[in-house]
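Numbering (our numbering), first residue to last: 15 to 242. Written out below as structure tokens is the structure these notes cover.
Have a look at this one:
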């Protein structure tokens, strides 16, 4: 029987399976963690630290971070954080901006944005967002954001208080360091998270230097076993 979970071991297994060059830390000792240790080796059931092996099911506290050190996810996170590890920074002044969905039409002819709940995705409120370059040129995303529906309007609403950066985009979507999405290339953020109605919007530039915006609406996606 399929199950649906956000437990620490369940999420940790998913991140390890994704193998996206993430930094992995667990709280040690496992039963009552007081320090962070970095895990460099693991298998399907165990985390390996020197000569010690830990059953993933016993992990209570963990941090998953992108290569830059920005935290992707964590459970029972405590301070001090490991050196070089940090939460995404909030802007000093929260931006207030309204999206007009019709303004996405031209850009959506160049970049296709698809939100979907994969059959094997059983984390609560997680989904993937896929970007497909359908234009005749390479494309680079230089900022992006979510716009959430309030009283019929879509207003910029992110944990950062403003736009996510080009570096955020490269890490979250697994794009090469130069930032270019090649012709026909598909890039994916497998760890998008949220609910309700919102638009994810991408501010882009192509090789010719022309800027455009593209995006697609996300609506709460039911688990695959509730689709019939």
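All C-beta atoms, glycine included, are put in the ideal place defined by N, C-alpha and C. Model, not experiment: these values are computed from the prediction.
Task: Supposed contact pair residue 206 and residue 140 - C-beta distance, whole angstroms, cut 8 Å - done: 7 Å
Task: Where the beta strand (DSSP E) through residue 157 begins and ends - done: 153-164
Task: Distance between beta carbons of residue 70 and residue 38, contact taken as under 8 Å - done: Not confirmed; about 11 Å, so no contact.
Open item on the list: Taking only three categories from DSSP, how would you classify residue 67?
Closed with: strand
Task: Inside the stretch 44-129 only - beta strand (DSSP E) runs reaching at least 3 residues - done: 49-52, 60-63, 66-69, 76-79 and 85-89
- [ ] Return the chain-ordered list of same chain residues with a C-beta closer than 6 Å to the C-beta of residue 187, the five sequence neighbours on each side being excluded.
- [x] 201 and 203
TODO: Determine the burial state of residue 228: buried for a count of at least 16 other Cβ atoms within 10 Å of its Cβ, exposed for fewer.
DONE: buried
Task: Nearest-angstrom Cα separation, counted from residue 51 out to residue 92 - done: 13 Å
Open item on the list: On the CB-based measure, 16 or more other CB atoms within 10 Å of its CB, does residue 259 come out buried or exposed?
Closed with: Look at the range of the chain in this structure, 15 to 242, and you will see that residue 259 is not part of it.
Open item on the list: Tell me the residue span of the alpha helix (DSSP H) that contains residue 32.
Closed with: 22-32
Open item on the list: Can you check which of these residues, 198, 197 and 180, is closest to residue 191 by C-alpha distance?
Closed with: 180
- [ ] Just grab the DSSP bridge partners of residue 243 for me.
- [x] Because the chain spans 15 through 242 in this model, residue 243 falls outside it and cannot be assessed.
Task: CA-to-CA distance, residue 171 to residue 163, given in whole angstroms - done: 9 Å
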